[in-house]
Structures are given as structure tokens and as C-alpha cells.
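Asks: When you read off a place in the sequence shown, starting at 1, and then add 2, the result is the number in the numbering used here.
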Amino acid sequence: MNKIVFLILQAVLQSTAGTSLRILKENVVVLDVSDLSSSEVSLHCGEQYEGEQIRWERNEKSISETGNRITVTIDGLRGGNFTCHRANHRETLNYTLLLVHPVNFPKGVLTQSAHGEFVSCSARNYNGRFHCSWKWHEERKERAVVYFAAIRNSSLINCTLDSDISGLTCIDGDYCRYSEEPRSINLTLFVRNLYRLEEHQRTFFIRDIVQPDKVNMTKIQDDVFEWRPPKTWSFPCSFFPLSYEVKVVPNNHSCDSTGSRVEKVETIETHYKVNAKKPYTFCVRAQDKIAKTLWSDWSRHHIRKHRHTSQQ
């Protein structure tokens, strides 16, 4: 029944000039607005209810409009969940979740990262799995993910919403790690706070978002450090080589420190000897040697001379 009603609904919905109305998914309608003035939207309970006495509720509260077809006024961002019922009955016959999407307005449901992105995506290797995440605006308490889809070459990629609704885990089953990536992935995300809808788009290649996990240090003895590629990295390493950035910084300094007291080397080796008499912090991180994608997070080890601790 819902599928039939959905198709009918798509044909009869109307809105006032200066706005547009579109179906996002079954029973979810988006009102695109260029300003926050009032708009009128026509709703239809269902063709099979013609001639019946129908009453409506908006967000579980009765409204004055009655009948199988009604027109409601939407003020600003005040959308709503509209349900239709037979007179004197609580049973819901049909519903329309009407969300308002302010076009060309500043984003207000998600917050930007330090890199200016609302949605950040990364992959730990070349097995076709990637993860996209976002951060909700701290003032948005009635938030929800309305719709998401990752598509490559018109094919839908399998994605699952994380339990905290702040990310997606996706697996591209058709991705081949040994061949060139011919087409990009297009990610679409719709989120809402109350009845305000926000749309986000990302387009990327897996090769451009690869970020290795932290390097695994395996031996630290007499100022000689050894490490291995991350366990999650793609093998064989001859086909997926890594390069490493090594830094030796004064003790209690960040691995991102710079200056004349910082020793910095880029190498393809997996060992390094430090020549230092004072306490120091040894840092190492990895990057795809060929693609030159994102660096991994730092692995670090603190040497205090006669006493040391590590932090992977």
C-alpha cells in the first residue's frame, strides 16, 4: 500500500513559487527554500481514501485541515511529520515527513573539520573498505541521518551506518587493488536536526584517501629502533611499498615539532639508529611511497636514558 501511495504522492505534491519540492525517499519530502518566508504545500492521504472523512495531525497534534487532500503552510524551517487518520480513529493511514532544506544557507547541522570538510573519508589500505565520518554541531540535539548512498559507475556500494550515527563504513566489492581506479566514488549524505535538512556531497578515489594505520615498533635497544608496516596494510609490500618519516625531537615535545633541534629523515628502511646523549622522543609514520597519500598518525617512543616508555 505504501508504495502505491508514494507514487501518487509524488504526482500531486505542489509548492508555492520560489520553492521546489522533491521526494527524497518513500514518505520523506524535501522542500527546498531560498528564503525563510512561508510556503504552501499540498498533501494527499491516498487515492483509496477518496470520499472518506480524514483528519490530520502534525507532529502528533491535531490540525484544522481535514479531507483526503489538504494544503498546509510551512513557516521558515518548521517542517513536520504529517499523518492522516480516519475520523474518530487513532490508526495512521499514511504519513509524510516534510523536511525543509534552506538552499545556499550556511551549514548548521554538521561542523567543518580543520581542513574545511564536513564529511571526511579515509581508507586503511587498498581492499575496497573505507570509512566516512562527520561531526554534529554541539547545539543540535534532535539529529538524525535521513539518507546516504555511495555510488561508483552507477553501482551502489554497500555501506552501513555506524551506531553513533556519526559515520559510515563502506565496502566496494568490485574494487580491484591491483588495477588503476577508473571512476570516482560519489557519496551523498542527508542529515537533519528537527525538520531542517542538510545535504552533503563528497567525490573521491580510494587511492586519494588511503591513510595507513600507525607503524608497529618491534624493537628498541641501544638507541636502535625497528618497525614493521601496519598489520592492516595491503600486501605484498613489494606491490604496495611504504616510505617512512623519522623524527627525533627533544623529550616532551610533539612529533609535529620543527626547528634546529629536530632530526628529520625520510626513508624506505625499517630501522634507524639515534645518536643522542640527552633524553628524546623517537617518532615514525608511514605513507604510500608511490601514491604519496596521507601520512599515518605518529608512533612514538620516549627515551629518558636509563628509563624509557613507549606509546604506539
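Cβ atoms here follow ideal geometry from the backbone N, Cα and C, with glycine treated the same way.
Once the 5 residues before and after N254 are set aside, which same chain residues still bring their CB inside 7 Å of it?
Replies: No residues qualify anywhere along the chain.
Asks: Hey, how far is the Cα of R198 from the Cα of Y97?
Replies: Whole-angstrom Cα-Cα distance: 18 Å.
Asks: Would you kindly work out how many angstroms separate the C-alpha atoms of W229 and K266, rounded to a whole number?
Replies: Computed Cα separation, rounded: 17 Å.
Asks: So E201 and H103 are in contact, right, with Cβ under 8 Å, and what is the actual spacing, rounded?
Replies: At roughly 6 Å, the Cβ-Cβ gap stays under 8 Å, so E201 and H103 are in contact.
Asks: Where does T18 fall in DSSP's three states?
Replies: Residue placement at T18 is poorly supported in this model, since its pLDDT is 46, which falls under 50; the coordinates are not used for a value here.
Asks: Going by DSSP in three states, I211 sits in which element: helix, strand or coil?
Replies: Note: I211 maps to helix in three-state DSSP.
Asks: Can you name the start and end residues of the beta strand (DSSP E) that I76 belongs to?
Replies: Looking at the DSSP string, the run of the beta strand (DSSP E) that includes I76 is R71 to I76.
Asks: Determine the direct distance from the alpha carbon of D258 to that of R287, and round the result to whole angstroms.
Replies: So the two alpha carbons sit approximately 11 Å from each other.
Asks: Using the Cβ count rule (16 or more neighbours within 10 Å means buried), how would you classify D166?
Replies: It counts as exposed.
Asks: Of the choices D225, N218 and G261, whose alpha-carbon is the least far from that of Y246?
Replies: Looking at the Cα atoms, N218 is the closest of the given residues.
Asks: Does E183 come out as helix, strand or coil in the three-state DSSP assignment?
Replies: Coil at E183, not helix or strand.
Asks: Among all the DSSP beta bridges, which residues are the ones paired with Y317?
Replies: There is no way to answer for residue 317, as the model of the chain reaches only from 3 to 314.
Asks: Give the list of continuous beta strand (DSSP E) stretches no shorter than 3 residues that lie fully inside the segment 119 to 146.
Replies: List check, beta strand (DSSP E) in window: 122 to 124 and 131 to 135.
Asks: Could you spell out the range, first to last residue, of the beta strand (DSSP E) harbouring H87?
Replies: First-last of the beta strand (DSSP E) with H87: G82 to R88.
Asks: Looking at G130: is its Cβ nearer than 8 Å to the Cβ of I173?
Replies: For G130 and I173, yes; Cβs fall inside 8 Å.
Asks: What does the Cβ neighbour count give for I305, buried or exposed, with the cut at 16 atoms within 10 Å?
Replies: I305 is buried by the Cβ-count criterion.
Asks: With a threshold of 8 Å between beta carbons, is N155 in contact with chain B?
Replies: Of the chains in the structure shown, none is chain B; there is only one protein chain.
Asks: Just verifying my parser: in three-state terms, what is the DSSP assignment at Y197?
Replies: Y197 falls in the coil class under three-state DSSP.
Asks: When you compare only the Cα positions, how much space is there between I72 and I56?
Replies: Taking the straight line joining both Cα atoms gives about 10 Å.
Asks: Counting Cβ pairs, one atom from each stretch, are 3 or more of them under 8 Å apart for the segment 76 to 88 and the segment 138 to 158?
Replies: The segment 76 to 88 is not in contact with the segment 138 to 158.
Asks: Ignore the nearest five residues each way along the sequence and tell me which others in S298's own chain have a CB closer than 8 Å to its CB.
Replies: So the qualifying residues of the chain are Q213, P214, D215, K216, V217, P232, R287, A288 and Q289.
Asks: From L112 to E52, what distance separates their C-alpha atoms?
Replies: The alpha-carbon atoms of L112 and E52 are separated by roughly 42 Å.
Asks: Quick one: measure Cβ to Cβ for V148 and L26, integer angstroms, because I've assumed they're closer than 8 Å.
Replies: Sure, about 7 Å apart at Cβ, within 8 Å.
Asks: In the DSSP assignment, find the unbroken beta strand (DSSP E) run with I305 in it and report its ends.
Replies: Note, I305: beta strand (DSSP E), S301 to I305.
Asks: State yes or no: is the C-beta of L170 within less than 8 Å of the C-beta of H133?
Replies: It is a contact, given that the beta carbons lie within the stated cut-off.
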